[in-house]
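Chemist:
Residue numbers (the numbering used here): 498 to 1222.
(1) Based on Cα-Cα distance, which residue from 1018, 948, 914, 944 lies nearest to residue 933?
(2) Classify residue 1090 as helix, strand or coil using the three-state DSSP reduction.
(3) Which residues mark the beginning and the end of the beta strand (DSSP E) in which residue 1211 is found?
(4) Grab the span of the alpha helix (DSSP H) containing residue 1040 for me, first residue to last.
(5) Would you call the segment 852-861 and the segment 924-944 in contact, with 3 or more CB pairs under 8 Å?
(6) Kindly indicate which residue of 969, 977, 1206 has the alpha-carbon position closest to the one of residue 1019.
(7) Quick check: what's the CA-CA separation for residue 862 versus residue 941?
(8) Measure the alpha-carbon distance for residue 842 versus residue 531 and round it to whole angstroms.
(9) How is the beta strand (DSSP E) around residue 722 delimited, first residue to last?
(10) Roughly how many whole angstroms lie between the Cα atoms of residue 1078 and residue 972?
(11) I'd like to check one pair, residue 1063 with residue 1009: are the Cβ atoms closer than 8 Å?
(12) Excluding the five sequence neighbours on either side, which residues of its own chain have a C-beta within less than 6 Å of the C-beta of residue 1200, listed in chain order?
(13) Decide yes or no for the touch test of the segment 1099-1116 against the segment 1139-1146: beta carbon pairs closer than 8 Å, at least 3 of them.
(14) Our contact map puts residue 1175 next to residue 1068 with C-beta atoms below 8 Å; I'd like the distance itself, whole angstroms only.
(15) If residue 1221 and residue 680 are in contact, beta carbons under 8 Å, what's the gap, nearest whole angstrom?
(16) When the Cβ atoms of the segment 639-656 are set against those of the segment 544-564, are three or more pairs found closer than 8 Å?
(17) State yes or no: is the C-beta of residue 1170 within less than 8 Å of the C-beta of residue 1154?
(18) If we count Cβ pairs, one from each stretch, closer than 8 Å, do we get three or more for the segment 765-772 versus the segment 703-714?
(19) If you draw a straight line from the C-alpha of residue 694 to the C-alpha of residue 1161, how long is it?
(20) On a Cα-Cα basis, can you pick out the residue from 853, 852, 771 that is closest to residue 821?
(21) Kindly indicate which three-state DSSP category residue 936 falls into: helix, strand or coil?
(22) Could you pull the start and end residues of the alpha helix (DSSP H) that residue 1160 belongs to?
(23) Given this structure, state the Cα-to-Cα distance separating residue 703 from residue 746, to the nearest angstrom.
(24) Rounded to the nearest angstrom, how far is the Cβ of residue 1098 from that of residue 1190, given a contact under 8 Å?
(25) Residues bridged to residue 751 by DSSP?
(26) Identify, in the order they occur along the chain, each residue of the same chain with its Cβ nearer than 6 Å to the Cβ of residue 723, setting aside the five sequence neighbours on each side.
(27) Please report the residue range of the alpha helix (DSSP H) in which residue 1193 lies.
(28) Does DSSP classify residue 822 as helix, strand or coil?
(29) Would you grab the beta carbon distance between residue 1166 and residue 867 for me? Rounded to a whole angstrom, and I think it's under 8 Å.
(30) Does the segment 1114-1121 come close enough to the segment 1053-1062 that 3 or more CB-CB pairs lie under 8 Å?
(31) Looking at residue 888 and residue 960, is the spacing between their C-beta atoms short of 8 Å?
(32) Would you kindly work out how many angstroms separate the C-alpha atoms of residue 825 and residue 1188, rounded to a whole number?
(33) May I have the straight-line CA-CA distance separating residue 899 from residue 923, to the nearest angstrom?
(34) Is residue 966 buried or exposed, if buried means 16 or more other CB atoms sit within 10 Å of its CB?
(35) Can residue 818 and residue 728 be called in contact, C-beta distance under 8 Å?
(36) Helix, strand or coil for residue 690 per DSSP?
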């Protein structure tokens, strides 16, 4: 090629080079996402990670075939995205220069590339070039080979190399952990030094710097002061080639200078210091915001890029630094003693969730407002009574049996005696207005039957059995011809309305309760209703597999688990192999869907698409029941259920209020023992606590003494290297 010819075509070469670069990067990102983020889900979810790269490939092909069309598309897509993004930001958090520029790597490159393709198009149109002698096919199609072949090659090589070069993660161990790891020692020394600085601040004396904190670096850190559940002050400091101790002292004194006047030297004993090391957090936070707008990016489950900017945080507790991620104290070690502590604390929380006069129980506790709300819920009251009976079997706490009559009376009082809803249970009771909600859910009746049958078995009081039968009779009227249960009946605008959508949760609850009621009474109508639901479940598993959803939810582990759990109860009254086979097959499938990535302690032990402690607590109960069912029937691989249960118990305990993690609450003692919804929503759900306690008590006798599992943490030298920037 002549020099003048190369110069003439330079704009086209640059345009193609930019587009190939962008496409190759997106292909690499997509393949990495398939292996690193989406590995646990179905193929169609993983395929979404490849979508940006595929779109870029299509745009590349269009631009190479028709440079004008491709150029305008690139400008329209890039400019349109930028305009939409700026509009979104301006109407939410406000448009700043930084937020304006964050889209340039995505939209700016597309616009520039599109303009270059248009320039190339008009250059070719205005300059008539002498046709050259036809050359070999490869030469004539070089631009297609490079434009399409190179990104595809990047994707193929990445698909081979990424799995081979993924860093080997340390395994979960059951070995006794060191009393203090190197990371712990650093955290402890740091919070102790910060407290020393605070004491010296009020005493107006100079602080002596420890040799252990003399490492130099470009530190970017923040000290936050918590007192009485309030954030009383904070200080930030960005150091350049300074010792860590000096940076910590400067940030601590800055936080104390900025403190509210209500905090003085006498309060220091009750203060808790939070230490937060950062690394380029602002940029990554903005990039997180950008990615969260992509339809396939699930912010709750995909690893946040800002985790790279918010690298190392910890909160002071009893002269120790407790690891924090997303302001959640991380629990990396589980032993039987810790489970026993949480059982005792959880029991006391449940006692505190009873209304002192009505003797019903609340659904949730708002920890920030220190408020249980103004309504009592039948289904949560039934579940709590059921759990209290398990607790009594565990420790024979006589307070439980002394209060059972009052609790049971509340449950009985919530059963309807009206002609239209005879035997059903009101969903909730607003005690301030003495008003029972005219909403009757089949799941409420089903779980109430669980508790009533247990009460009858323990006390012999026929009232409980008769109430359970009335509830069962009402449930038989709520079944449709195809076996599916109508989810609810409610009174609205002068007429009765029925739910029509299928809920696997409600159907499973009804199947389990009627199976138990049939065992207690032997009455055929309960068996027939249960059998219709069981057959419907079997048909769905045969047609769709074990991972199921319904009209309320896409396929998810919680709905799938209710199919398993309810068939466990039905199998007690019908031992056909088809039910046992489904139980074992789907139980094994459920175990495989648990999060086991030890590098993500926020999620380790939970289930994908089960975002709360209520859902994961329920799955813990299912794993416990599956473990014993598997052993009872001599099946293989029973330990996997126990191991899965141990993992999810660690996760649940991490999401349980304790003295260590209540630093942001004004009334921490009221929350201790409660299990909060998830790390983003810190209100306590009483059903979460019931599920957790049922699972703890159920497996306790089969747990070994000592450490059950330990999650590894990154080596300190790796963390320190990043912290030094």
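Positions of the beta carbon are idealized from the N, C-alpha and C atoms, including for glycine. If you're wondering where the values come from, they're calculated on a predicted model, not measured in any experiment.
Modeler: Based on what the coordinates show:
(1) For the purposes of this step, residue 933 is taken as the residue at position 436 of the chain shown. A check of alpha carbon separations from residue 933 across 1018, 948, 914, 944 identifies 914 as the nearest.
(2) Residue mapping note: residue 1090 aligns to position 593 of the chain shown, counting from 1. DSSP places residue 1090 in coil when its eight states are reduced to three.
(3) Reading the chain shown from its first residue, position 714 is the one you call residue 1211. Membership of residue 1211 in any beta strand (DSSP E) is not indicated, and neither H nor E is assigned to it by DSSP.
(4) The residue you call residue 1040 lines up with position 543 of the chain shown. Segment 1021-1041, the alpha helix (DSSP H) holding residue 1040.
(5) The segment 852-861 vs the segment 924-944: in contact.
(6) Here residue 1019 is taken as the residue at index 522 of the chain shown, counted from 1. Comparing Cα-Cα distances from residue 1019 to each of 969, 977, 1206, the minimum goes to 969.
(7) In the chain shown, the residue the question calls residue 862 occupies position 365. In the chain shown, the residue the question calls residue 941 occupies position 444. Answer to the nearest angstrom: the Cα atoms are 20 Å apart.
(8) As a working mapping, residue 842 is identified with position 345 in the chain shown. As a working mapping, residue 531 is identified with position 34 in the chain shown. Straight-line Cα distance between these residues: approximately 41 Å.
(9) Here residue 722 refers to the residue found at position 225 of the chain shown. It spans 717-724 - the beta strand (DSSP E) in which residue 722 sits, taken as one unbroken run.
(10) Your numbering for residue 1078 matches position 581 in the chain shown. Your numbering for residue 972 matches position 475 in the chain shown. Their Cα atoms are separated by approximately 27 Å.
(11) Numbered from its first residue, the chain shown carries residue 1009 at position 512. Numbered from its first residue, the chain shown carries residue 1063 at position 566. Cβ atoms of residue 1009 and residue 1063: closer than 8 Å.
(12) Reading the chain shown from its first residue, position 703 is the one you call residue 1200. Within its own chain, the residues whose Cβ lies closer than 6 Å to the Cβ of residue 1200, once the five positions on either side in sequence are excluded, are 833, listed in chain order.
(13) Proximity of the segment 1099-1116 to the segment 1139-1146 meets the contact definition, three or more beta-carbon pairs being nearer than 8 Å.
(14) Your numbering for residue 1175 matches position 678 in the chain shown. Your numbering for residue 1068 matches position 571 in the chain shown. Incorrect: roughly 33 Å between the Cβ atoms, too far for contact.
(15) Here residue 1221 corresponds to residue number 724 of the chain shown, with the count starting at 1. Here residue 680 corresponds to residue number 183 of the chain shown, with the count starting at 1. Cβ atoms of residue 1221 and residue 680 stay farther apart than 8 Å, at about 15 Å.
(16) Yes, they touch.
(17) Counting from 1 along the chain shown, the entry for residue 1170 is found at position 673. Counting from 1 along the chain shown, the entry for residue 1154 is found at position 657. In terms of Cβ geometry, residue 1170 and residue 1154 form a close pair [threshold 8 Å].
(18) Touching, no, given that fewer than three Cβ pairs across the two stretches are closer than 8 Å.
(19) The residue you call residue 694 lines up with position 197 of the chain shown. The residue you call residue 1161 lines up with position 664 of the chain shown. Distance from the CA atom of residue 694 to the CA atom of residue 1161, rounded to whole angstroms, is 22 Å.
(20) In the chain shown, counting from the first residue as 1, residue 821 sits at position 324. Out of 853, 852, 771, the CA that lies nearest to the CA of residue 821 is found in 771.
(21) On the chain shown, residue 936 is found 439 positions in, with the first residue counted as 1. Strand, per DSSP.
(22) By 1-based counting over the chain shown, the position of residue 1160 is 663. Unbroken run through residue 1160: none, as it is neither H nor E.
(23) Working through the chain shown from its first residue, we reach residue 703 at position 206. Working through the chain shown from its first residue, we reach residue 746 at position 249. Computed Cα separation, rounded: 10 Å.
(24) Here residue 1098 corresponds to residue number 601 of the chain shown, with the count starting at 1. Here residue 1190 corresponds to residue number 693 of the chain shown, with the count starting at 1. Taking C-beta atoms under 8 Å as the contact rule, residue 1098 and residue 1190 fail to qualify, at a distance of about 23 Å.
(25) Here residue 751 corresponds to residue number 254 of the chain shown, with the count starting at 1. Checking the DSSP bridge columns, you'll see residue 751 has no partner listed.
(26) As a first step, residue 723 must be located in the chain shown, where it is residue number 226. So the qualifying residues of the chain are 769, 1160.
(27) Translated into positions along the chain shown, residue 1193 becomes position 696. Where residue 1193 is concerned, the enclosing alpha helix (DSSP H) stretches over 1183-1196.
(28) Sequence index remark: in the chain shown, residue 822 carries index 325 (1-based). Residue 822: strand per DSSP, three-state reduction.
(29) Translated into positions along the chain shown, residue 1166 becomes position 669. Translated into positions along the chain shown, residue 867 becomes position 370. The C-beta distance from residue 1166 to residue 867 rounds to 10 Å, too long to meet the 8 Å contact threshold.
(30) Touching, yes, given that three or more Cβ pairs across the two stretches are closer than 8 Å.
(31) Start at 1 with the first residue of the chain shown, and residue 960 comes out as number 463. Start at 1 with the first residue of the chain shown, and residue 888 comes out as number 391. Against a cut-off of 8 Å, the Cβ pair of residue 888 and residue 960 comes out as no contact.
(32) Taking the chain shown and counting its residues from 1, one reaches residue 825 at position 328. Taking the chain shown and counting its residues from 1, one reaches residue 1188 at position 691. For residue 825 and residue 1188, the distance between alpha carbons rounds to 21 Å.
(33) Numbered from its first residue, the chain shown carries residue 899 at position 402. Numbered from its first residue, the chain shown carries residue 923 at position 426. Going by the C-alpha atoms only, they are around 25 Å apart.
(34) Against the chain shown, residue 966 aligns to sequence position 469. By the neighbour-count criterion, in which 16 or more other beta carbons inside 10 Å mark a residue as buried, residue 966 falls on the buried side.
(35) For the purposes of this step, residue 818 is taken as the residue at position 321 of the chain shown. For the purposes of this step, residue 728 is taken as the residue at position 231 of the chain shown. Between residue 818 and residue 728, the gap from beta carbon to beta carbon reaches 8 Å or more.
(36) Within the chain shown, the letter at position 193 stands for residue 690. Three-state result, residue 690: helix.
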